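A.B. asks: Quick note, the sequences are listed as chains H and B, same order.
The opening residue of the first sequence carries number 48 in the working numbering; numbering runs sequentially from there.
The opening residue of the second sequence carries number 619 in the working numbering; numbering runs sequentially from there.
The beta carbon of each residue, even a glycine, is placed where N, CA and C say it ideally should be.
Computed from a predicted model, the values in this text were never measured in an experiment.
Quick one: this structure, given as structure tokens, is what I'll be asking you about.
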Amino acid sequence: MKIIAFAAFAALVPLVAAGATPSKVSVTMPGDLSFAFKPGPGSQAATTYCLICHSSAYVSTQPPLDRAHWDAEVTKMRKAFGATIPDKDAAEIVDYLTASYGKAP
Amino acid sequence: MPSSRRSFLAGSAAAVLGGALAAPASAQQMVRGVFANGDRPLIAFPQKRPLMVLTPRPPQLETPFAVFDQGAFTPNDAFFVRWHLAEIPAGIDAATHRIRVSGAVGKPFTLSMADLQRMPAVEIAAVNQCSGNSRGFFEPRPAGGQWQDGAMGNALWRGVRLKDVLDRAGLAAGAKQVQFNGLDKPTLPGTPDFLKSLDVDVARGDDVIVAYAMNGKPLPLLNGFPVRLVVPGWYSTYWVKMLSDITVLDHVDDQFWMKTAYRIPDTPNHSVAPTEGGFATIPINRMVVRSFVTNIADGASLKAGRTAVRGIAFDGGSGIESVEVSSDGGTTWTPAALETDYGKYSFRRWNAAVNLDAGKTYVLACRAFGNDGGAQTATPIWNPGGYMRNVIQQYKVSVA
Chain H
48 MKIIAFAAFA ALVPLVAAGA TPSKVSVTMP GDLSFAFKPG PGSQAATTYC
98 LICHSSAYVS TQPPLDRAHW DAEVTKMRKA FGATIPDKDA AEIVDYLTAS
148 YGKAP
Chain B
619 MPSSRRSFLA GSAAAVLGGA LAAPASAQQM VRGVFANGDR PLIAFPQKRP
669 LMVLTPRPPQ LETPFAVFDQ GAFTPNDAFF VRWHLAEIPA GIDAATHRIR
719 VSGAVGKPFT LSMADLQRMP AVEIAAVNQC SGNSRGFFEP RPAGGQWQDG
769 AMGNALWRGV RLKDVLDRAG LAAGAKQVQF NGLDKPTLPG TPDFLKSLDV
819 DVARGDDVIV AYAMNGKPLP LLNGFPVRLV VPGWYSTYWV KMLSDITVLD
869 HVDDQFWMKT AYRIPDTPNH SVAPTEGGFA TIPINRMVVR SFVTNIADGA
919 SLKAGRTAVR GIAFDGGSGI ESVEVSSDGG TTWTPAALET DYGKYSFRRW
969 NAAVNLDAGK TYVLACRAFG NDGGAQTATP IWNPGGYMRN VIQQYKVSVA
């Protein structure tokens, strides 16, 4: 799991380093979109929806947040940033983030 | 839960084994965290030396703090990077780049880079600091970019006065704010484009420039090539990169990045209790005064004797009036000598010395005062955004 995540992480460098590369190529990073999150129930939903706009590091570098904070983050992504996450998946993502990157309230 | 450091080390080693890294990320190419989840891999992005990677996409890259000990100006390839939206052009042709000036103006027009070069040029040394620089030190810790202290830099910016550009267009009678947009775009249609606005009187200030050079060279792409806004004294959220649109508004900007994001409590020191709610907020604006020791890190082991202490100070544009150092945790203070003055918006380097006895531990500290009377706080402020930290820095050292 970690191998894939970090190989993808590093793949940004050569892609962006090629200055003439069209913007779509430099920022899509297909390798970055898989398996970058810790394994666990809900990781697939997080992979599907969160990685559309940002790397998993936006999650993994956060301090351990409790459920209320992760819920607020997911809500912000949906309401303020226009993430089209169905209710069921959003709830799953909150559970996943709390379990994998969180702390008890 | 395994530590993030171990995860990173394992990941880096695996990536090297997999042959995926252009430059191997060994265990040495990691800056250890000073707070939970704070370890950062050092990776070279285009036109950059290896910097501390908070996030690769959109990129948030932090300057290793040792760089700030090397001079008053931050090299372009070491300058921090922060983008909000993932769709950043990887290739830009400066020859075809245009800035559209429109909105509540008498005469809308379009500027090419050649047009800018033909206008009167100004140069100004100015610190560019992220609103959330040092956010990782907030306690309790807010969500957001978990910076240590390296989301800042000082450069000599060259460009034309925004005022000259606006005057060429002619502001309409009802002009209230000037809104700026860059080439970066959101991935999803529902994500607000990154737009920032300044009041007309701020935008027309003598020191706000449309900058096409940084430390005598073109801007690195990740710092906004070919042209960015420079708002000396103000947090970098307003320094819009890859500037493409200047739109004069006849109203106060009410879109997300002004009305909801980058707001600070309208309270003393912009601080609130972590449990507090219901306070009024205002858009973040001018920077508060800060100072740092650059040659001694917290936790350092030093030799006994007369010991040089040096660092940097800056504020929101009044200029540094004085810097003081302490070796007793802030009980007593002695003045530092200020070095070359590159202007009121620049890093100001300073020098001092303290006497250290063998076998003792000390808490070194530094504090700066602005010409406007601005001072650093003795205890950390707190706000939900993790903005505007300017506590007096302390450095615990032991002496052999």
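Just mark serine 1016(B) as buried or exposed, buried being the case when its beta carbon has 16 or more other beta carbons within 10 Å.
C.D. replies: Exposed is the call here.
A.B. asks: Alanine 104(H) versus chain C: which residues are under 7 Å apart at the beta carbon?
C.D. replies: The displayed structure is made up of protein chains H and B, and chain C is not among them.
A.B. asks: Is leucine 982(B) closer than 8 Å to isoleucine 1023(B) when the C-beta atoms are compared?
C.D. replies: Not covered by the structure: residue 1023(B). The range shown for chain B is 619 to 1018.
A.B. asks: Using a Cβ-Cβ cutoff of less than 7 Å, which residues in the same chain neighbour alanine 137(H) once the five nearest sequence positions on both sides are dropped?
C.D. replies: Here the set comprises Val121, Arg125.
A.B. asks: Rounded to whole angstroms, how far is the Cβ of valine 649(B) from the Cβ of leucine 660(B), which I believe are closer than 8 Å?
C.D. replies: With a Cβ gap of about 6 Å, valine 649(B) and leucine 660(B) count as contacting.
A.B. asks: Count the other CB atoms, across all protein chains shown, that sit within 10 Å of the CB of threonine 692(B); report buried if there are 16 or more and exposed otherwise.
C.D. replies: Looking at its Cβ environment, which holds 16 or more other Cβ atoms inside 10 Å, threonine 692(B) is buried.
A.B. asks: Run the CB neighbour count on threonine 893(B), radius 10 Å, all protein chains shown included, and call it buried at 16 or more, exposed below.
C.D. replies: Counting Cβ neighbours within 10 Å, threonine 893(B) comes out exposed, since fewer than 16 surround it.
A.B. asks: Work out the CA separation of glycine 834(B) and arginine 881(B) for me, nearest whole Å.
C.D. replies: One C-alpha to the other measures close to 34 Å.
A.B. asks: Check this for me: beta carbons of histidine 888(B) and isoleucine 742(B), under 8 Å apart or not?
C.D. replies: No, Cβ-Cβ distance for histidine 888(B) and isoleucine 742(B) is not below 8 Å.
A.B. asks: Counting pairs of Cβ atoms below 8 Å between the region 1001-1018 of chain B and the region 911-927 of chain B, do you hit three or more?
C.D. replies: Judged by Cβ distances under 8 Å, the region 1001-1018 of chain B makes contact with the region 911-927 of chain B, as three or more pairs qualify.
A.B. asks: With a threshold of 8 Å between beta-carbons, can alanine 704(B) be considered close to chain H, or not?
C.D. replies: Answer yes: the Cβ-Cβ gap between alanine 704(B) and chain H drops below 8 Å somewhere.
A.B. asks: In chain H, what lies closer than 8 Å to leucine 806(B) by C-beta?
C.D. replies: By Cβ distance, chain H contributes Ile99, Cys100, Phe128, Gly129, Ala130, Thr131.
A.B. asks: Do aspartate 871(B) and arginine 718(B) count as a contact pair if the criterion is CB distance below 8 Å?
C.D. replies: No. Outside cutoff.
A.B. asks: Does leucine 144(H) have its Cβ less than 8 Å from a Cβ in chain B?
C.D. replies: Closer than 8 Å: no.
A.B. asks: Taking the C-alpha atoms as reference points, what is the distance between glutamate 593(B) and leucine 112(H)?
C.D. replies: Residue 593(B) falls outside the range modelled here, since chain B spans only 619 to 1018, and no answer is possible.
A.B. asks: I'd like the list of long-range same chain contacts for arginine 700(B), defined as Cβ closer than 6 Å, with 5 residues on each side in sequence excluded.
C.D. replies: Gln678, Cys748.
A.B. asks: Can you find the residues in the same chain that come closer than 7 Å, C-beta to C-beta, to isoleucine 827(B), ignoring five residues on each side of it along the sequence?
C.D. replies: Here the set comprises Val740, Ile742, Trp775, Gly777, Val778, Arg779, Leu780, Val848.
A.B. asks: According to DSSP, is cysteine 100(H) helix, strand or coil?
C.D. replies: Correct three-state label for cysteine 100(H): coil.
A.B. asks: Are any of the Cβ atoms in chain B nearer than 8 Å to that of serine 107(H)?
C.D. replies: By this cut-off, serine 107(H) is an interface position.
A.B. asks: What residue ranges within the region 927-954 of chain B form continuous beta strand (DSSP E) runs of no fewer than 3 residues, ordered along the chain?
C.D. replies: With a minimum length of 3 residues, the continuous beta strand (DSSP E) runs that stay inside the region 927-954 of chain B are 938-944.
A.B. asks: Can you find a CB in chain B that lies within less than 8 Å of the CB of aspartate 136(H)?
C.D. replies: No, aspartate 136(H) does not count as interfacial toward chain B.
A.B. asks: Quick check on the burial criterion: 16 or more other C-beta atoms within 10 angstroms. Buried or exposed for aspartate 946(B)?
C.D. replies: Aspartate 946(B) should be labelled exposed.
A.B. asks: Under DSSP, the beta strand (DSSP E) around threonine 995(B) begins and ends at which residues?
C.D. replies: Where threonine 995(B) is concerned, there is no enclosing beta strand (DSSP E), given that its DSSP letter is neither H nor E.
A.B. asks: Could you tell me the distance, in whole angstroms, from the CA atom of alanine 130(H) to the CA atom of methionine 876(B)?
C.D. replies: Computed Cα separation, rounded: 20 Å.
A.B. asks: Quick check on arginine 846(B) - is its C-beta less than 8 Å from some C-beta in chain H?
C.D. replies: For arginine 846(B), the answer is no, since every Cβ of chain H falls outside 8 Å of its Cβ.
A.B. asks: Which one of Pro676(B), Glu705(B), Phe697(B), Pro674(B) has the shortest CA to CA distance from phenylalanine 683(B)?
C.D. replies: Comparing Cα-Cα distances from phenylalanine 683(B) to each of Pro676(B), Glu705(B), Phe697(B), Pro674(B), the minimum goes to Phe697(B).
A.B. asks: Looking at the unbroken beta strand (DSSP E) that takes in glutamate 120(H), where does it start and where does it end?
C.D. replies: Run containing glutamate 120(H): none in the beta strand (DSSP E); it sits in the alpha helix (DSSP H), 114-126.
A.B. asks: Of all the residues that make up the region 705-724 of chain B, which are near chain H by a beta-carbon distance shorter than 7 Å?
C.D. replies: Of all residues in the region 705-724 of chain B, Glu705, Ile706, Pro707, Ala708, Gly709 have a Cβ within less than 7 Å of some Cβ in chain H.
A.B. asks: Is the CB of arginine 1007(B) under 8 Å away from at least one CB in chain H?
C.D. replies: No - not a single Cβ of chain H is within 8 Å of the one on arginine 1007(B).
A.B. asks: Starting from the Cα of phenylalanine 874(B), find the closest Cα among Phe910(B), Gly851(B), Leu813(B) and give me that residue.
C.D. replies: Selected option, being the one with the closest Cα: Leu813(B).
A.B. asks: Sort out for me which residues DSSP pairs lysine 814(B) with in a bridge.
C.D. replies: BP columns for lysine 814(B) point to Phe798(B).
A.B. asks: Would you tell me roughly how many angstroms separate the C-alpha atoms of alanine 58(H) and phenylalanine 663(B), rounded to the nearest one?
C.D. replies: Because the pLDDT of alanine 58(H) is 37, which lies under 50, any placement of that residue in the model is unreliable, and the number read from its coordinates should be weighed accordingly. Each residue's Cα considered, the two are about 11 Å apart.
A.B. asks: Per DSSP, what are the beta-bridge partners of isoleucine 661(B) in this structure?
C.D. replies: Bridge partners of isoleucine 661(B): Leu669(B).
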